Amino acid sequence: MNSSANHSEDLALLARIADGDRAAFQQFYDRYSGRVASYVRLLLRERGQSWRASDDVVQEVFIAVWRKAASFKQDRGDPAGWLYAITRNKLVDGWRRQGKGIEVDSIDLSAMSLAVEPERGDVKVSVSQALARLSQDQRLAVELAYFGGLTYEETAARLELPLGTLKSRIRTGLMNMRATLEGRP
Amino acid sequence: MSRAERPPATAAAGMGRFPGSSATAPSRSLPSHHPSEEQLLDLATAQLDLAARLVLDSHLSFCPTCAATVNDMAAVGGRLLATQPADAPPSPEVFSRLLQQLDELATAQQAASLLPPLDVPLPEAVRAELRPDFRPRWRPLLGSRAEIAPVLLDPGSGAQLLLSRLAPGLEFPEHVHVGSENLVVLQGGYVDQWGDFEPGDYGFYEDGSRHRPLVEAGDACIILTRLEGVPRFAGWRGLLQRFTGPR
Numbered sequence: 002m003n004s005s006a007n008h009s010e011d012l013a014l015l016a017r018i019a020d021g022d023r024a025a026f027q028q029f030y031d032r033y034s035g036r037v038a039s040y041v042r043l044l045l046r047e048r049g050q051s052w053r054a055s056d057d058v059v060q061e062v063f064i065a066v067w068r069k070a071a072s073f074k075q076d077r078g079d080p081a082g083w084l085y086a087i088t089r090n091k092l093v094d095g096w097r098r099q100g101k102g103i104e105v106d107s108i109d110l111s112a113m114s115l116a117v118e119p120e121r122g123d124v125k126v127s128v129s130q131a132l133a134r135l136s137q138d139q140r141l142a143v144e145l146a147y148f149g150g151l152t153y154e155e156t157a158a159r160l161e162l163p164l165g166t167l168k169s170r171i172r173t174g175l176m177n178m179r180a181t182l183e184g185r186p
Numbered sequence: 189m190s191r192a193e194r195p196p197a198t199a200a201a202g203m204g205r206f207p208g209s210s211a212t213a214p215s216r217s218l219p220s221h222h223p224s225e226e227q228l229l230d231l232a233t234a235q236l237d238l239a240a241r242l243v244l245d246s247h248l249s250f251c252p253t254c255a256a257t258v259n260d261m262a263a264v265g266g267r268l269l270a271t272q273p274a275d276a277p278p279s280p281e282v283f284s285r286l287l288q289q290l291d292e293l294a295t296a297q298q299a300a301s302l303l304p305p306l307d308v309p310l311p312e313a314v315r316a317e318l319r320p321d322f323r324p325r326w327r328p329l330l331g332s333r334a335e336i337a338p339v340l341l342d343p344g345s346g347a348q349l350l351l352s353r354l355a356p357g358l359e360f361p362e363h364v365h366v367g368s369e370n371l372v373v374l375q376g377g378y379v380d381q382w383g384d385f386e387p388g389d390y391g392f393y394e395d396g397s398r399h400r401p402l403v404e405a406g407d408a409c410i411i412l413t414r415l416e417g418v419p420r421f422a423g424w425r426g427l428l429q430r431f432t433g434p435r
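Chains as they are written, first to last, in the numbering used here: chain A, 2 to 186; chain U, 189 to 435.
What follows is the structure, encoded as structure tokens:
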């Protein structure tokens with residue numbers, strides 16, 4: 002999914018981090034901390050929280066990278082996907098601890114957007130393009146509950162859908178996006 | 189009672205591992221009991237509390253098929269993350285604080301290395317969430333040949349993560365689950381009406397379900413479990429439980 006060169010470099014860095022290599026940790030941090038911070042700020046803004054809290058979340062994410070690198074499976078893992086899951090988990094854990102719900106009726110669906118910069122290298126289709134190719138039902142579900150700052154329950158409430166239907170749309174949407182991003186029909 | 193699990197992936201059901209049986213079947217190398225695709229999606233998209241994530245991550249450490257599924261579901265998010273703008277990094281103090289945390293962690297790990305080693309095969313994904321000096325504090329469970337040790341209490345959901353250690357051949361008392369229970373077998377195994385559970389196998393028991401697990405002969409059965417509530421025992425143990433309160 003990521004360019005193969007980046008993927009190989011990320012794998013090598015994580016293997017070195019797992020061995021306690023701080024120089025590799027700094028390289029991985031330099032590569033991803035800005036992007037993690039951007040994504041965290043986007044989700045914090047969606048929930049009406051100050052982006053200044055993003056530094057604390059970034060710190061939690063990268064200490065988790067250090068501690069979990071040894072459990073990352075080199076032969077089948079995707080480093081960026083792994084990092085994405087860690088980032089979302091740290092955010093959602095924080096919201097649960099703070100009891101931070103969201104007024105689902107206040108969500109402006111038309112204002113949801115992803116700040117995604119153009120991709121370079123061997124990338125043929127961007128995430129935004131892959132998202133745009135989904136049906137509207139799938140796109141909304143994926144934008145709100147997968148990319149965005151809402152839980153499944155909040156998304157289901159906002160879209161007035163049963164939870165099972167929402168999950169099915171997200172699952173199918175992700176499969177379709179992955180196929181598009183990999184250049185499969 | 190419904191169970192969210194896939195059909196068994198491998199052969200070798202539970203033959204010959206119970207008291208009185210003479211046959212011996214080869215142990216499986218891959219799990220047979222798995223989370224549902226919905227549960228894997230929940231894991232990949234950060235919908236689970238820490239306790240549930242650790243149980244599922246433990247299953248993934250045994251199961252390349254489920255790990256690949258989660259990988260696929262998270263990959264799109266990874267692509268999104270990798271293409272986020274990088275022109276507004278966190279403040280420089282963040283990395284300084286990280287280095288300080290790494291120093292503190294190294295000190296803690298060095299101190300923990302002087303302690304007796306962990307007496308349970310905890311997966312790396314679980315150890316990474318715990319203090320380096322974590323050691324299970326076993327306590328007997330209702331007088332049976334069973335012990336439990338708390339691991340953590342999820343601060344958001346209130347769910348408990350705990351370890352159970354059950355003696356070989358034990359007929360564990362029948363009990364009803366209060367709230368759901370997710371578990372992964374780390375060592376040994378047990379049998380109930382849903383099958384034969386061995387290392388790596390994932391179990392999900394819904395609220396109100398009941399069973400009476402029979403522990404296999406051989407090794408002690410060690411299980412990592414997420415509980416939403418304290419199970420209620422049947423019979424005289426249940427009466428005792430009501431009078432003394434659950435432990």
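C-beta atoms are modelled at their ideal positions from N, C-alpha and C, and glycine is treated no differently. The structure presented is a predicted model; accordingly, all values stated were derived computationally and were not measured.
| query | result |
| --- | --- |
| Is A/Val62 close to chain U? Criterion is C-beta to C-beta, closer than 8 Å. | no |
| Considering only the beta carbon of each residue, do A/Tyr153 and A/Leu164 sit closer than 8 Å? | yes |
| Would you please verify whether the beta carbon of A/Gly150 is less than 8 Å from any beta carbon of chain U? | no |
| Kindly say whether U/Gly367, judged by its beta-carbon, lies nearer than 8 Å to any beta-carbon of chain A. | no |
| Using beta carbons (cut-off 8 Å, strictly below), is U/Thr233 in contact with chain A? | yes |
| Taking the alpha-carbon positions, what's the A/Ile18 to U/Ser217 distance? | 29 Å |
| Which of helix, strand or coil does DSSP assign to A/Ile18? | helix |
| With 16 other CB atoms within 10 Å as the buried threshold, where does A/Arg172 fall? | buried |
| Looking at U/Leu238 and U/Met261, is the spacing between their C-beta atoms short of 8 Å? | no |
| In the structure shown, what three-state DSSP assignment does U/Cys409 receive? | strand |
| How would you list, in chain order, the residues of chain U whose beta-carbon sits under 9 Å from the beta-carbon of A/Ser136? | Ordered by position in chain U, no residue passes the 9 Å Cβ test against A/Ser136, which lies about 16 Å from the chain. |
| Ordered along the chain, which non-local residues of its own chain (more than five positions away) have a Cβ less than 6 Å from that of U/Arg435? | In this prediction, U/Arg435 scores a pLDDT of 45, lower than 50, which makes its location untrustworthy; the coordinate-derived value is nonetheless stated afterwards. Excluding sequence neighbours, U/Arg435 sits near nothing in its chain. |
| Using 8 Å as the Cβ pair cut-off and three pairs as the minimum, do the segment 333-341 of chain U and the segment 350-365 of chain U touch? | yes |
| Would you check if the segment 264-272 of chain U and the segment 389-407 of chain U touch, i.e. whether three or more CB-CB distances between them fall below 8 Å? | no |
| Would a check of beta-carbon distances place U/Phe392 closer than 8 Å to chain A? | no |
| Tell me which same chain residues have a C-beta within less than 6 Å of the C-beta of U/Asp342, skipping the five on either side of it? | Asp237, Leu238, Ala239 |
| Would you be able to state if there are at least three C-beta pairs under 8 Å between the segment 54-73 of chain A and the segment 280-293 of chain U? | yes |
| Any beta carbon of chain U sitting closer than 8 Å to that of A/Ala146? | yes |
| Which word fits A/Asp11, buried or exposed, when buried means at least 16 other C-beta atoms lie within 10 angstroms of its C-beta? | buried |
| Contact defined as beta carbons within less than 8 Å: I believe U/Val314 pairs with U/Ser246. What is the distance between those atoms, to the nearest angstrom? | 6 Å |
| Taking C-beta pairs closer than 7 Å, name the residues in chain U that A/Gly82 reaches, listed in chain order. | Asn259, Ala262, Ala263, Gly265, Gly266 |
| Which residues in chain U have a C-beta closer than 7 Å to the C-beta of A/Arg98? List them in chain order. | Pro343, Gly344 |
| How long is the line joining the alpha carbons of U/Thr212 and U/Gln381, rounded to whole angstroms? | Because the pLDDT at U/Thr212 is just 39, under 50, the model does not fix this residue reliably, and the point stays unresolved. |
| According to a CB-to-CB cut-off of less than 9 Å, which residues of the segment 280-293 of chain U neighbour chain A? | Glu281, Val282, Phe283, Arg285, Leu286, Leu287, Gln289, Leu290, Leu293 |
| Tell me which residues share the same chain as U/Ser221 and place their Cβ nearer than 7 Å to its Cβ, disregarding the 5 neighbours each side in the sequence. | One detail in the question is off: residue 221 of chain U reads as His in this sequence, not Ser. Within the same chain, U/His221 has close Cβ partners Glu193, Gly383, Phe385, Asp389, Tyr390, Gly391. |
| Give the DSSP-derived three-state secondary structure of U/Ala347 in the structure shown. | coil |
| Please determine, among U/Val364, U/Gly423, U/Ile411, U/Arg323, the residue with the shortest C-alpha to C-alpha distance to U/Gly417. | U/Val364 |
| Based on the DSSP secondary-structure assignment, which residues constitute the bridge partners of U/Ala313? | According to DSSP, which records beta bridges pairwise, U/Ala313 is partnered with nothing at all. |
| As a quick exercise: from A/Ala180, A/Gln50, A/Gly184, A/Gln137, pick the residue whose alpha carbon is nearest that of A/Leu167. | A/Gln137 |
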